Amino acid sequence: MADSKVVDFAKAGEKHRAERSHKDKEEKVEEMRKRFEGALPTKKTPVKDFLRKKKAKKKR
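Everything in the sequence shown is counted per our numbering, starting at 61 for the first residue and increasing by one.
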């Protein structure tokens, strides 16, 4: 008899790990947003510009 509430721990662990990782990244970006807002209040998207520049630098 198969139980329909059986949880595959590998899938569940990956799901929770991904959620936690996403939450951590959002917190970091929010912290950066606050810092950049104080430093560059006139720039429209300072965090996005910074991250794009950083990513482009990594690819070189």
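We put the beta carbon where it would ideally sit given N, CA and C, even for glycine.
Note that the structure is a prediction, hence the values are computed from the model and not measured.
Sequence-distant partners of Asp109 (beyond 5 residues in either direction) whose C-beta falls short of 8 Å from its own C-beta, in its chain, are Lys103. Annotation: the region 72-97 contains no complete segment of the alpha helix (DSSP H) (minimum length 4 residues). For Pro106, same chain residues with a beta-carbon under 6 Å away, outside a window of 5 residues either side, are Phe96 and Leu100 in chain order.
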